[in-house]
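Student:
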Amino acid sequence: MKKRNSSVFGLIAFAVGALIIVLAYILLMPMFSFNPVAYTFSFVSILLTYILFFLPMFFGPFTGDVAGTVLGGMFYYRGLTIYALLSAVNIALVFVFMPLAVSIIIQCIALFVLLLWAFLGQVTKEHIDDSLRNEEVKKSVVTELRNRAAKLTAMTSSLESENKIRANARKIEENMRYLSPSDNPEAREIELQMLAKLNAILNDPLLTSSAGAENASLSGKFNEFDVLYKERKSIL
1291 MKKRNSSVFG LIAFAVGALI IVLAYILLMP MFSFNPVAYT FSFVSILLTY
1341 ILFFLPMFFG PFTGDVAGTV LGGMFYYRGL TIYALLSAVN IALVFVFMPL
1391 AVSIIIQCIA LFVLLLWAFL GQVTKEHIDD SLRNEEVKKS VVTELRNRAA
1441 KLTAMTSSLE SENKIRANAR KIEENMRYLS PSDNPEAREI ELQMLAKLNA
1491 ILNDPLLTSS AGAENASLSG KFNEFDVLYK ERKSIL
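Here the sequence shown is numbered in my numbering, starting from 1291 and rising by one per residue.
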């Protein structure tokens, strides 16, 4: 609801600003009757710059992750600032000596460069967003493994300190603490297998029992997890 209210307020602000520009154009027209063509050109240039300023609000090209949004927005508005300064100089010159055709060409070239600049900003933003999402995907499974390992240690903390199950649980938690995320698809596949095996260990009814240390099935699960861990550790 807040986001919708913000959009409505922005739309109202844009409409009011555009109305002021049009009203100023009409009221000031008698003062520039000596060169109505140049005056109309300046009006169109100012209105176009104003629309370009609000463009991100209508099309949302810079929404997404914070880092990408900030950098993409900086790209666009830095280019828009240069475009606005060039437009101001162009307007001043068209009133003095520059032919209208030359001013229009300069304005079109500047607009093209701005749009190209905005495209580069959008590409940069998307690249950052993709990198952040990939990083989150890489971290998610490893983070889950660490959380499950911590839970395993907590569940076996009531066992005797010499208990093999408790020692294996502490070993797993220690190993998961130093496991680094990887871009390798094979590493992710092994991590998912490790997570499934760890869940199987957590769900074993003998996990918190002193008899679990002698249970072949539970010991086998710990051994299988250890094999997966060593395989995963060998992948950078």
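Cβ atoms here follow ideal geometry from the backbone N, Cα and C, with glycine treated the same way. It should be emphasised that the depicted structure is a prediction, and the values quoted were computed from it without experimental measurement.
Short check: CB of Lys1511 to CB of Ile1480, under 9 Å?
Tutor: The residue given as residue 1511 occupies position 221 in the sequence shown. The residue given as residue 1480 occupies position 190 in the sequence shown. Cβ atoms of Lys1511 and Ile1480: not closer than 9 Å.
Student: In whole angstroms, what separates the C-alpha of Leu1405 from that of Leu1375?
Tutor: For the purposes of this step, residue 1405 is identified with residue 115 of the sequence shown, where counting begins at 1. For the purposes of this step, residue 1375 is identified with residue 85 of the sequence shown, where counting begins at 1. The alpha-carbon atoms of Leu1405 and Leu1375 are separated by roughly 16 Å.
Student: Drop a sphere of 10 angstroms on the beta-carbon of Gly1369, count the other beta-carbons inside from all chains shown, and report buried for 16 or more, exposed for fewer.
Tutor: In the sequence shown, the residue the question calls residue 1369 occupies position 79. The residue is buried, with at least 16 neighbouring Cβ atoms inside 10 Å.
Student: Is the beta carbon of Thr1339 closer than 9 Å to that of Ser1377?
Tutor: Reading the sequence shown from its first residue, position 87 is the one you call residue 1377. Reading the sequence shown from its first residue, position 49 is the one you call residue 1339. Yes.
Student: Starting from the Cα of Leu1390, find the closest Cα among Ala1314, Val1306 and Ser1332 and give me that residue.
Tutor: Taking the sequence shown and counting its residues from 1, the one referred to as residue 1390 is at position 100. Comparing Cα positions, the closest option is Ser1332.
Student: By the 10 Å Cβ neighbour count, where 16 or more other Cβ atoms means buried, how is Val1312 classified, buried or exposed?
Tutor: Locating residue 1312 in the sequence shown gives position 22, where the first residue counts as 1. Counting other Cβ atoms within 10 Å of its Cβ, Val1312 stays below 16 and is therefore classed as exposed.
Student: If you reduce the DSSP assignment to three classes, tell me which class Glu1452 lands in.
Tutor: Within the sequence shown, residue 1452 is the residue found at index 162, counting from 1. If DSSP states are grouped into helix, strand and coil, Glu1452 belongs with coil.
Student: If I measure Cβ to Cβ from Met1364 and keep anything under 8 Å in the same chain, skipping five residues before and after, which residues do I get?
Tutor: The residue given as residue 1364 occupies position 74 in the sequence shown. The residues are Gly1411.
Student: For Phe1409 and Ile1462, what's the separation of their Cα atoms in angstroms?
Tutor: Your numbering for residue 1409 matches position 119 in the sequence shown. Your numbering for residue 1462 matches position 172 in the sequence shown. In a straight line, the C-alpha of Phe1409 is about 48 Å away from that of Ile1462.
Student: With a threshold of 8 Å, are at least 3 pairs of Cβ atoms found where one atom belongs to the region 1468-1484 and the other to the region 1442-1455?
Tutor: no
Student: In the structure shown, what three-state DSSP assignment does Ile1418 receive?
Tutor: Position 128 of the sequence shown, counted from the first residue, corresponds to residue 1418. Ile1418 falls in the helix class under three-state DSSP.
Student: Taking Cβ positions, are Met1347 and Gly1307 nearer each other than 9 Å?
Tutor: Here residue 1347 is taken as the residue at index 57 of the sequence shown, counted from 1. Here residue 1307 is taken as the residue at index 17 of the sequence shown, counted from 1. No, these two residues do not count as a Cβ contact at 9 Å.
Student: Keeping to the same chain, check which residues put their C-beta closer than 6 Å to that of Gly1502; ignore five residues upstream and five downstream.
Tutor: In the sequence shown, the residue the question calls residue 1502 occupies position 212. Here the set comprises Ile1455, Leu1496 and Leu1508.
Student: State buried or exposed for Phe1387, treating a residue as buried only when at least 16 other CB atoms are found within 10 Å of its CB.
Tutor: Position 97 of the sequence shown holds residue 1387. Exposed, by the Cβ-count rule.
Student: Quick one: residues in its chain with C-beta nearer than 7 Å to the C-beta of Val1360, no 5 flanking neighbours on either side, listed in chain order?
Tutor: Mapped onto the sequence shown, residue 1360 falls at position 70. Only weak support exists for where Val1360 lies, its pLDDT of 46 falling under 50; the coordinates are left without a value.
Student: For Leu1449, does the count of other Cβ atoms within 10 angstroms reach 16, so buried, or fall short, so exposed?
Tutor: The sequence position of residue 1449 within the sequence shown is 159, counting from 1. Leu1449 should be labelled buried.
Student: Count the other CB atoms, across all protein chains shown, that sit within 10 Å of the CB of Arg1438; report buried if there are 16 or more and exposed otherwise.
Tutor: If you number the sequence shown from 1, residue 1438 lands on position 148. Under this definition Arg1438 is a buried residue.
Student: Would you identify the three-state DSSP class for Leu1390, choosing helix, strand or coil?
Tutor: Taking the first residue of the sequence shown as 1, we reach residue 1390 at position 100. Helix.
Student: Given Phe1385, which residues of its chain have a CB within under 7 Å of its CB, disregarding the five upstream and five downstream residues?
Tutor: Within the sequence shown, the letter at position 95 stands for residue 1385. Sequence-distant partners of Phe1385 (beyond 5 residues in either direction) whose C-beta falls short of 7 Å from its own C-beta, in its chain, are Asn1325 and Ala1328.
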